[in-house]
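As you go down the protein sequences, you meet chains A and B in turn.
Counting with the working numbering, you get residues 2 to 160 for the letters of the first sequence.
Counting with the working numbering, you get residues 524 to 1088 for the letters of the second sequence.
Glycine is no exception: its CB is placed at the ideal position from the N, C-alpha and C atoms.
Keep in mind that this is a model prediction, so the values were computed, not measured.
One structure is given below, encoded as structure tokens.
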Amino acid sequence: MGIETLFGKSWVTARIDDIVNWGRSNSPWPYIFGTACCAIEFMSAASSHFDIARFGAELIRWSPRQADVLIVAGTISYKQAPVLKRIYEQMCEPKWVIAVGACCCTGGMYNNYCTVQGVAEIIPVSMYVPGCPPRAEAIFDAIVKLQGAIAKESVLDRA
Amino acid sequence: MLTLVELLNPLVGGDVVSLEETHGGVYAAANPLKIVGLLTQLRDDARFSFDMLVDIVGVDASGLGGVDRFQVVYILASTAKNFRLSVNVRTSAEKPEIPSVHAVYAVADWLEREVYDQFGIVFIGHPNLKRLLNFKDFVGHPLRKDFPIDGRQKVPESEDLHDEMKVKLERRGRAFSSMRIGEYGGEHGEGEETGDDPFIVNLGPAHPIVHGILRLLLAVEGETIVAAVPELGYLHRGVEKSMESGNYHQVIPYTDRLNYASPMMNNIGYCKAVEKMLGIEISERDALLRVILCELGRIMDHLLCTGPHLVDLGALTPFWYLFQVREKIYDIMEKYSGVRLTYSCVRIGGFPFPLYNGFFDDVESVLKDLMPAIDDVRRLVERNRIFYDRCCKVGAISSAEALRHGFTGPCLRATGYDYDLRKNRPYYSYDTFDFSVVVGTNGDTYDRFFVRVYEMIESAKIIRQAIARYKALSSEPAALEAKKSKGFKKVAPPAGALYDSSEVANGELGYYIVSDGSAKPYRIKVRSPSLCNYSAIESMVEGAMIADLVSIIGSLNVIGGEIDR
Chain A
2 MGIETLFGKS WVTARIDDIV NWGRSNSPWP YIFGTACCAI EFMSAASSHF
52 DIARFGAELI RWSPRQADVL IVAGTISYKQ APVLKRIYEQ MCEPKWVIAV
102 GACCCTGGMY NNYCTVQGVA EIIPVSMYVP GCPPRAEAIF DAIVKLQGAI
152 AKESVLDRA
Chain B
524 MLTLVELLNP LVGGDVVSLE ETHGGVYAAA NPLKIVGLLT QLRDDARFSF
574 DMLVDIVGVD ASGLGGVDRF QVVYILASTA KNFRLSVNVR TSAEKPEIPS
624 VHAVYAVADW LEREVYDQFG IVFIGHPNLK RLLNFKDFVG HPLRKDFPID
674 GRQKVPESED LHDEMKVKLE RRGRAFSSMR IGEYGGEHGE GEETGDDPFI
724 VNLGPAHPIV HGILRLLLAV EGETIVAAVP ELGYLHRGVE KSMESGNYHQ
774 VIPYTDRLNY ASPMMNNIGY CKAVEKMLGI EISERDALLR VILCELGRIM
824 DHLLCTGPHL VDLGALTPFW YLFQVREKIY DIMEKYSGVR LTYSCVRIGG
874 FPFPLYNGFF DDVESVLKDL MPAIDDVRRL VERNRIFYDR CCKVGAISSA
924 EALRHGFTGP CLRATGYDYD LRKNRPYYSY DTFDFSVVVG TNGDTYDRFF
974 VRVYEMIESA KIIRQAIARY KALSSEPAAL EAKKSKGFKK VAPPAGALYD
1024 SSEVANGELG YYIVSDGSAK PYRIKVRSPS LCNYSAIESM VEGAMIADLV
1074 SIIGSLNVIG GEIDR
């Protein structure tokens, strides 16, 4: 049995921030906006060998309305940009964005006429993951760091 | 038997202006105004029977000299006679117009749209000459030499595609009613709702089954698709423009990211093309290693096609089984090249580094794990009622129709058509290996799935034979031989053009390379198998259910980096 047996019928007091952030940071449900190679690497992260479930982020949502973290994995072209923006706007607060891969962070090797030079041009980014593509561990590192950042937030910030 | 040049010689002076044989290929120049008649003749004449249009390449030849600024190259293949022919036509900068050949080869519809998009060459008589990759209000034509590489243009919002849908529905005698537009199809318009008109639904590009890059506007009646309008270009990242800005070696990383499911096959295809242009013969050892890497790549790619295809159909378990094997191939390639996915592990002339100790043991252990994984998956799906119902007779296409659409690879072979470049136009002594070409019968989703599954088993056979041959060679390390070859110095192929292709996991991956004699490639066109395999999507999905569409797209294995480039 777990920790609940120790308490019995008692009260626990805590700061609202701590309680809420405890919940938010330990189950960041991701929405994968995967367009290119990084999405293939994300598949590795999600499958059994690396297992993203260890970080509470295994419940991949295919609807932005149910997701907390937007993981942008892959090159974003200008044609794709309005779609990404719309997806971001459809997500409910609180929401965070992880930019996975060089293309997504800065445009990467595609410094040309059709590639957005970093998704920060379109949407606010909480975590950048470098790599082309980043390893699964790098994506996990971003999730863990994001969890740390969420734990420090105040619920009033996003009121 | 007469050679192609001998057969074509009588045409010279008529529709064909000139004819030459270089780099082992036949290159003809033709009169642009006669191109439709010429291609029709080449297709229908039983002596030629050029049944497939492989690619249409645009070239801005302003830096190459000559009177006319633009070139358009039609690359033709005769699968029956095993001929290849490139037909080159030229058109001026003032009036870049060429008659459209969409009636001769169905795949020309999209290929011409791409050339129009990238070069501004107008194809007279094309039914729907819109941009294919860039968005519709884009100003300029990116692959023209005077277009700046960083000429970025913001897109305010996605196109609604209603214009194309209207035409399609009217052609079927159906009305397009703007009242019957679903939530994501656009704004609600004016007009009376009749109730009989099809309902318009948007699918993608942010939908799990379209892998983030494809978009289809569907007109549906209940769940049956009446008409479909596909849109491409969501992952258009200007690869061909970027390739022109570096030297020949610097192109290799871009090829990695074309079909990112099996990067080494793209590396090898590119290096093979440049080597052919330079006249370099790689050593037998390197050729064997390339065969091993190619077949590992084919296994990797097929694992990534079949696994997620089943996930799209709702079967998650097989994906885990298959991905474990893929993960082991990642480990091998990481040990060898230092990277998990984008290897760039091939160089023009050979390989950059030697194999690590134990490479072959690792490969053997992957092959050992592969068979049980395939058997597990086969046991799960082969006679599974749900899988059977969702795949059998779904998205079926005949061999003739597939050839008209330029299908290659597993998608063509699933129709029962035995065509594999490894056997028909062998390279790296593929013809000396003992393996079978897997063919299907019905050309449906079920066949496409199982052609891929059995191809993995054949690839494993090839790898085992190649390893045995490699071990039988003398013990000089591969990398030393590569460094000795001239490919490692400055690469500057002689001026000219060349088309070379290899059989990758999705079909025929080709590179049309134009060199002006300098160390920078003048123009590289990637012949994308995914683009052609996807070009029949409209006819495949019309009349099918939305759920069938999921199954069809999964089985075509459309890879964004390759289709949009």
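In the structure shown, V627(B) adopts coil according to DSSP, grouped into three states. In the displayed model, R1088(B) falls within coil according to three-state DSSP, outside both helix and strand. Remark: fewer than three beta-carbon pairs, one from each stretch, lie closer than 8 angstroms, so the region 796-811 of chain B and the region 689-698 of chain B are not flagged as touching. Our two residues, K659(B) and V733(B), have alpha carbons roughly 21 angstroms apart in a direct line.
Around V84(A), the beta-carbon contacts reaching into chain B at under 7 angstroms are S681, P728, A729. For the region 39-52 of chain A, the set of residues with a beta-carbon nearer than 8 angstroms to any beta-carbon of chain B comprises A40, I41, E42, M44, S45, S48, S49, H50, in chain order. Per DSSP, the beta-bridge partners of G873(B) are R870(B). Contact between A1028(B) and S785(B) is confirmed by a C-beta separation of about 5 angstroms, below the 8 angstroms threshold. With its beta carbon less than 7 angstroms from one in chain B, I88(A) belongs to the interface. The beta carbon of Y950(B) sits no closer than 7 angstroms to any beta carbon of chain A. Interface residue (Cβ-Cβ distance to chain B less than 7 angstroms): K146(A) is not classified as such. For G1030(B), the three-state secondary structure derived from DSSP is strand. For S26(A), the closest C-alpha among the options A152(A), A82(A), G3(A), V156(A) is that of A152(A). Nearest Cα to E857(B) within the set V886(B), R870(B), G1040(B): V886(B). S867(B) and N782(B) have their alpha carbons spaced roughly 13 angstroms apart.
By the criterion of a C-beta distance shorter than 7 angstroms, S601(B) is surrounded in its chain by F571, S572, F573, D574, once the five residues flanking it on both sides are discounted. Using a Cβ-Cβ distance cut-off of 8 angstroms, the region 117-126 of chain A and the region 76-90 of chain A are in contact, since at least three pairs of beta carbons, one from each stretch, lie closer than that value. Collapsing the DSSP output to three states places N725(B) in a strand.
Under the Cβ criterion of 7 angstroms, Y79(A) is counted among the residues facing chain B.
By the Cβ test, the region 870-888 of chain B is not in contact with the region 950-960 of chain B, since fewer than three Cβ pairs between them sit closer than 8 angstroms.
Here the alpha carbons of I985(B) and D957(B) stand approximately 7 angstroms from one another. Nearest C-alpha to Y1057(B) among A751(B), L827(B), I1036(B): A751(B). Cβ proximity to chain B below 8 angstroms picks out C104, M110, Y111, N112, N113, Y114, C115, T116 from the region 89-116 of chain A. Shown here for Y757(B): same chain residues with a beta carbon closer than 6 angstroms to its own, the five before and five after excluded, namely P728, I736 in chain order.
Of the residues I852(B), Y844(B), I621(B), the one whose Cα lies closest to the Cα of I822(B) is I852(B). Between the beta-carbon of G1040(B) and that of A1015(B) there is about 6 angstroms, and that keeps the pair under the 8 angstroms contact cut.
If you ignore the 5 residues before and after L740(B), its C-beta comes within less than 6 angstroms of the C-beta of L684, M688, N725, V752, all in its own chain and listed in chain order.
Residues of the region 660-688 of chain B whose Cβ lies closer than 8 angstroms to any Cβ of chain A, in chain order: P665, F670, P671, I672, D673, G674, R675, Q676, K677, V678, P679, E680, S681. By the CB criterion at 7 angstroms, V638(B) and I579(B) fall inside the cutoff. Non-local C-beta neighbours of S765(B) in its own chain, meaning closer than 8 angstroms and more than five positions away in sequence, comprise I672, Y777, ordered along the chain. Listed along the chain, the chain B residues whose CB falls inside 8 angstroms of the CB of A68(A) amount to none; the nearest CB is some 12 angstroms away. For R613(B), the uninterrupted beta strand (DSSP E) segment begins and ends at 606-614.
The C-alpha of V13(A) is placed about 12 angstroms away from the C-alpha of L7(A). DSSP places L839(B) outside both helix and strand once states are collapsed to three, so it counts as coil.
Here K946(B) is not near Y79(A), since their CB atoms are 7 angstroms or more apart. Ranking T938(B), L839(B), A923(B), G648(B) by CA distance to the CA of V900(B) puts L839(B) first.
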